[in-house]
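Engineer: Dropping a structure here in structure tokens format, bear with me for questions.
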Amino acid sequence: MPRDLDRDALITGIGLVSCLGSGIEATWDALRSFSPVVDAETFAPFPVHPLAPLDLDKQIPKRGDQRQMEAWQRMGVFAAGLALDSAGLKGNADLLSRMDMIVAAGGGERDYTVDAAILSGYGKQADPGAWLNERLLGDLRPTLFLAQLSNLLAGNISIVHGVTGSSRTFMGEEACGADAVRIACARIAADQGDMVLVGGSYNAQRPDVLLHYEMGGLLRHAPFAPVWARQADGPGMVLGSVGCFLVIESRASARRRGVEAFGHIAGIRTDRCRREPGQATANARVQLAAMPAHDPAATAVISGASGAPAPTREEAVLLAELGLPVRASATALGHSLEPAFPASLALAALAVKHGTLFPPLEPAEAAMASPLRQALVTGWGHWRGEAMALVEAA
Amino acid sequence: MDTDHLGRPIVVITGMGVITSLGQGQAANWKALTAGQSGIRRITRFPVGNMRTTIAGTVDFIPVEDPSAPALSQRLAELVIDEALAESGIGRPGAFPGPLFMALPPVEMEWPQRFALAAASGANDQVTYDDLLRAAGSGKFEGYYTRFLFASVGEALADRFGTQGSPIATSTACASGGTSIQLGVEAIRRGEADAALVVGTDASVNAESLIRFSLLSALSTRNDPPSAASRPFSKDREGFVMAEGAGALVLESLAAARARGAKVLAVVEGCGEQADGFHRTRSSPDGKPIIACMRNALADAGLAPEDVGYINAHGTGTPENDKMEWVGVSTVFGERAGSIPMSSNKSMIGHSLTAAGAVEAIFTALTLREGLMPPTINYEIPDPTLPVDCVPNVARPVTGLKHAISNSFGFGGQNVCLVLGTA
């Protein structure tokens, strides 16, 4: 069956905030003359990529709304607003009330003072259970719950920006970010929707998330090094605070609205395996075979390699075999779990839109002088899940 | 005809499995539910000293190693999927021929794990996250890392049941179960799969989660007797009762079900949703999103309000929810609203949160099949502002019931409505 061009999934809006800055212009400029933005002090020995300062009032005008959210939600709502601005949809109440939304989210944000007081006092109590209840009842802010619930990023986007056609939140680290994009594209292809806001956010500047990955033995303890160079001298993840949303829209809708797209998601696949050696590679080969044809002379790879040792090494071998220029988005942005795949897609779409790949982020990455027309995006979860997409000029 | 009014594949249910505080399995649950029994009990899982609410619909009869919300949620999911697959007869053991959609509670490390890390850190006076981080670096806590990944339950289920592709875990708060069914229906309608495995599970009754709802004044504090605490639509309702449970459904295209000679239990005729941008925990006062959600579901099913003979209410028993649900129902169904039976399973099983939409869709399907409507128990003092036929206190037979809806509303402005029909 010939492809229905009207149902192509185009990226017509991008909102991206990270250590590199707020918005796509700042991000692109930073990538063109890259130097890593790392906070090595606050959480030493764990380096993290801190979020650039945001002028929250620009996207979340009500202070009351800002107060009702925690950092991961504020950066997500902010990025969603940038994406809607970029797509020319901000404030279009009619379209936004019919717009679909798929958010990839973790959750959490704790009150570290409350936690520390409980951890310090628990063992000293005659009735520790009742004491724990008393402390939680007395010390937890009631609204903190709403900052912890996974679906309250979407809820806040509905409140602040008015996106209310549908609202689904997917959970599950990197894979859920890729599945959010895949299902958005599938809905558009099947005429189950015309416009989907897709993305997520991640606050890496949190002791509890560092704690989680440190339990897994997955964090780099040494000073920052780029993703590929890191593999030789202390592999591991360097987490980064990222908010990224994309407006994915049918070609028919974009044409009706007269907007220019950043790029076309010409193919996207996701899968999983148990991560026995070679299984992720096998999945990626199947995905590659399913992608539309690409011109090796005009294609680069935006890799979502997390820095976690085993999958990063395995992906590096596969990418070397492909022989295309590669950029590891986690070197620039840090690894950001749920929004990592949407953010890699954003970098791919920006590069395709500019018709040129940004310079290597480290010596292991090859320069690309020729024009760029297509970008393969990989997204292997640090634990599970493998995704691939092909972005091309719209 | 294998296609619906819009030419899409008709999606049917061929297998179901359920666990609630009332028991394990469809038969045990249906018997208790239609007898008007309550599964709400005193909490014994953790100390409740100083708590305002000391009751819940916990599932205490399923053993699990290293208990935690994700561990028990996963175990409940495994058991209800086993039941659904056995009824459906689809696929081979360990090889389900389609994707997995799950409604899961958000995952977070819990206090027993934090205390274990604190103890291992050796810090003896002031304990901070720096101490926990030091203990974490010992490598002895890798099991916690895996258990409290958001993907851990889905990956375990995908491995065990051999579902196809990346498992999708959704959270739309108390509408999650409905959303997971909707995702499965949409995948089959798109032609991506002939079958989908859907499960909603929630076993997150622990001290902190109970307290979080308590701090929002959402919970009933009517602790004595526990069975009387959940009072949907009553004038003296004052909050919901937290509960646990799980429901699994095998969805198939009608064509695929027929081709393999499967018994069709019910038809998922339509799904509707509409998000609400009014407030984080409260519905828009005009009820517009709830109204639009139900109308979207009916339009998706190609039905008119007069076709609906039973409403499985969200019916949490909070003052706000029941009022807003009535605003929605009375607008959509007009003069018929007060005469359409509309009962709340939550009066007996409590509010199983993430799982509720899946569990209650199963009970809606059973209502259609059995021609028997479960009651709303504890209905003693009618609320004059809610003139609803809530099937008070005693189950009621019904003949000729063809179509029913099941509502789910959640924090964050989440609204989902499913339309189910007889096979």
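Line by line, the protein sequences are chains Z and V. Quick note: the first sequence uses the numbering used here, first residue 155, plus one each step. Quick note: the second sequence uses the numbering used here, first residue 169, plus one each step. All C-beta atoms in this analysis are idealised placements derived from N, C-alpha and C, irrespective of residue type, glycine included. Source: prediction; values computed, not measured.
When the Cα atoms are used, what is the spatial distance from Asp160/Z to Gln346/Z?
Structural biologist: Working through the first sequence from its first residue, we reach residue 160/Z at position 6. Working through the first sequence from its first residue, we reach residue 346/Z at position 192. Roughly 13 Å separates the two Cα atoms.
Engineer: By a C-beta neighbour count over all protein chains shown, 10 Å radius and 16 as the cutoff for buried, is Asp293/Z buried or exposed?
Structural biologist: The sequence position of residue 293/Z within the first sequence is 139, counting from 1. Looking at its Cβ environment, which holds fewer than 16 other Cβ atoms inside 10 Å, Asp293/Z is exposed.
Engineer: Determine, for Ser334/V, whether the minimum Cβ-Cβ distance to residues of chain Z falls below 9 Å.
Structural biologist: Taking the second sequence and counting its residues from 1, the one referred to as residue 334/V is at position 166. Interface residue, yes.
Engineer: Label Gln359/Z either buried or exposed according to how many other C-beta atoms from any shown protein chain fall within 10 Å of its C-beta, with 16 as the threshold for buried.
Structural biologist: Against the first sequence, residue 359/Z aligns to sequence position 205. Classification for Gln359/Z: buried.
Engineer: Go ahead and label Glu503/V buried or exposed: buried means 16 or more other beta carbons lie within 10 angstroms of its beta carbon, across all protein chains shown.
Structural biologist: One-based indexing of the second sequence puts residue 503/V at position 335. Classification for Glu503/V: exposed.
Engineer: Could you check if His375/Z is buried or exposed, using at least 16 other CB atoms within 10 Å of its CB as the buried criterion?
Structural biologist: Counted from its first residue, the first sequence places residue 375/Z at position 221. Exposed, since its Cβ has fewer than 16 Cβ neighbours within 10 Å.
Engineer: Roughly how far, in whole angstroms, is the beta-carbon of Gly262/Z from the beta-carbon of Glu276/V, given that I think they are within contact range, below 8 Å?
Structural biologist: To locate residue 262/Z, count along the first sequence from 1; it is residue 108. To locate residue 276/V, count along the second sequence from 1; it is residue 108. About 6 Å separates the two Cβ atoms, so the contact holds.
Engineer: Asn310/Z and Gly580/V - do their beta-carbons sit closer together than 9 Å?
Structural biologist: Within the second sequence, the letter at position 412 stands for residue 580/V. Within the first sequence, the letter at position 156 stands for residue 310/Z. Yes, they are a contact pair.
Engineer: Can the beta-carbon of Ser395/Z be found closer than 9 Å to that of Ser490/Z?
Structural biologist: The residue given as residue 395/Z occupies position 241 in the first sequence. The residue given as residue 490/Z occupies position 336 in the first sequence. A contact, by the Cβ cut-off of 9 Å.
Engineer: So, is the C-beta of Glu488/V closer than 9 Å to a C-beta in chain C?
Structural biologist: You won't find chain C in this structure, because its protein chains are Z and V.
Engineer: From Val314/Z, Leu306/Z, Trp534/Z, pick the residue whose C-alpha is nearest to that of Arg426/Z; which is it?
Structural biologist: Translated into the one-based positions of the first sequence, residue 426/Z becomes position 272. The shortest Cα separation from Arg426/Z among Val314/Z, Leu306/Z, Trp534/Z belongs to Trp534/Z.
Engineer: Taking the DSSP output, what are the residues bridged to Ser355/Z?
Structural biologist: Residue 355/Z sits at position 201 when you count from the first residue of the first sequence. Ser355/Z is bridged to Gly397/Z.
Engineer: Given a limit of 9 Å on CB to CB distance, which residues of the segment 410 to 443 of chain V reach chain Z?
Structural biologist: Against chain Z - using a Cβ distance shorter than 9 Å - the residues of the segment 410 to 443 of chain V are Glu441, Gln442, Ala443.
Engineer: Considering just the uninterrupted stretch of the alpha helix (DSSP H) at Asn197/V, what are its terminal residues?
Structural biologist: Along the second sequence, read from residue 1 onward, the residue named residue 197/V stands at position 29. Run containing Asn197/V: 194 to 202, per the alpha helix (DSSP H) assignment.
Engineer: Three or more C-beta pairs under 8 Å: does that hold for the segment 267 to 287 of chain V against the segment 324 to 331 of chain V?
Structural biologist: Yes: at least three Cβ pairs fall under 8 Å.
Engineer: Considering only DSSP beta bridges, list what Met325/Z is partnered with.
Structural biologist: Translated into positions along the first sequence, residue 325/Z becomes position 171. Met325/Z pairs with Ala337/V.
Engineer: Compare the C-beta of Asp299/V with all C-beta atoms of chain Z and state if any pair is closer than 9 Å.
Structural biologist: Taking the second sequence and counting its residues from 1, the one referred to as residue 299/V is at position 131. Answer yes: the Cβ-Cβ gap between Asp299/V and chain Z drops below 9 Å somewhere.
Engineer: Cβ atoms of Val392/Z and Gly331/Z: under 9 Å apart, would you say?
Structural biologist: Along the first sequence, one-based indexing puts residue 331/Z at 177. Along the first sequence, one-based indexing puts residue 392/Z at 238. No.
Engineer: Three-state secondary structure (DSSP) at Arg289/Z?
Structural biologist: One-based indexing of the first sequence puts residue 289/Z at position 135. In this structure, Arg289/Z counts as helix in the three-state DSSP scheme.
Engineer: Taking 7 Å as the limit between beta carbons, can you name the residues of its chain near Leu526/Z, skipping five residues before and five after?
Structural biologist: By one-based count along the first sequence, residue 526/Z stands at place 372. So the list reads Ala452, Ala454, Ala505, Val506, Gly509, Thr510, Leu511, once near-sequence residues are dropped.
Engineer: Given Ala459/Z, which residues of its chain have a CB within under 6 Å of its CB, disregarding the five upstream and five downstream residues?
Structural biologist: Counted from its first residue, the first sequence places residue 459/Z at position 305. Taken in chain order, the residues that qualify are Val381, Thr466, Glu469, Ala482.
Engineer: Just grab the DSSP bridge partners of Asn583/V for me.
Structural biologist: One-based indexing of the second sequence puts residue 583/V at position 415. Per DSSP, Phe577/V.
Engineer: Among the candidates Leu373/Z, Gly488/Z, Val531/Z, whose CA atom is the shortest distance from the CA of Pro190/Z?
Structural biologist: For the purposes of this step, residue 190/Z is taken as the residue at position 36 of the first sequence. For Pro190/Z, the nearest C-alpha among the options comes from Gly488/Z.
Engineer: Would you say the beta carbon of Leu501/Z comes nearer than 8 Å to a heavy atom of the ligand GTP?
Structural biologist: No copy of the ligand GTP occurs in the structure displayed, which carries no ligand at all.
Engineer: Is there contact here, the segment 558 to 578 of chain V with the segment 408 to 427 of chain V, by at least three beta-carbon pairs under 8 Å?
Structural biologist: No, the segment 558 to 578 of chain V does not touch the segment 408 to 427 of chain V.
Engineer: For the putative contact between Arg448/V and Ile313/Z, defined by C-beta atoms under 8 Å, what is the C-beta separation to the nearest angstrom?
Structural biologist: Position 280 of the second sequence holds residue 448/V. Position 159 of the first sequence holds residue 313/Z. With a Cβ gap of about 7 Å, Arg448/V and Ile313/Z count as contacting.
Engineer: Compute the distance between the beta-carbons of Glu528/V and Asn513/V, then report whether it is under 9 Å.
Structural biologist: One-based indexing of the second sequence puts residue 528/V at position 360. One-based indexing of the second sequence puts residue 513/V at position 345. Yes, these two residues count as a Cβ contact at 9 Å.
Engineer: Please report the residue range of the beta strand (DSSP E) in which Val545/Z lies.
Structural biologist: By 1-based counting over the first sequence, the position of residue 545/Z is 391. Segment 540 to 546, the beta strand (DSSP E) holding Val545/Z.
Engineer: Please confirm whether Thr318/Z has its beta-carbon closer than 9 Å to some beta-carbon of chain V.
Structural biologist: Working through the first sequence from its first residue, we reach residue 318/Z at position 164. It does: the Cβ of Thr318/Z has a partner Cβ on chain V nearer than 9 Å.
Engineer: For chain V, is any of its Cβ atoms less than 9 Å away from the one on Tyr356/Z?
Structural biologist: The residue you call residue 356/Z lines up with position 202 of the first sequence. So no, Tyr356/Z is outside the interface.
Engineer: From Leu364/Z to Gln385/Z, what distance separates their C-alpha atoms?
Structural biologist: One-based indexing of the first sequence puts residue 364/Z at position 210. One-based indexing of the first sequence puts residue 385/Z at position 231. The alpha-carbon atoms of Leu364/Z and Gln385/Z are separated by roughly 20 Å.
Engineer: Across the segment 173 to 190 of chain V and the segment 427 to 445 of chain V, are there enough close Cβ pairs to call them in contact, namely three or more that are closer than 8 Å?
Structural biologist: The segment 173 to 190 of chain V is in contact with the segment 427 to 445 of chain V.
Engineer: Give me the subset of the segment 521 to 532 of chain Z whose CB atoms are less than 7 Å from a CB atom of chain V, sorted by chain position.
Structural biologist: Per Cβ criterion, the list is empty.
Engineer: Give me the residue from Leu501/Z, Gln433/Z, Gly245/Z, Gly177/Z with the minimum Cα distance to Thr485/Z.
Structural biologist: The sequence position of residue 485/Z within the first sequence is 331, counting from 1. Thr485/Z has its Cα closest to that of Leu501/Z, out of Leu501/Z, Gln433/Z, Gly245/Z, Gly177/Z.
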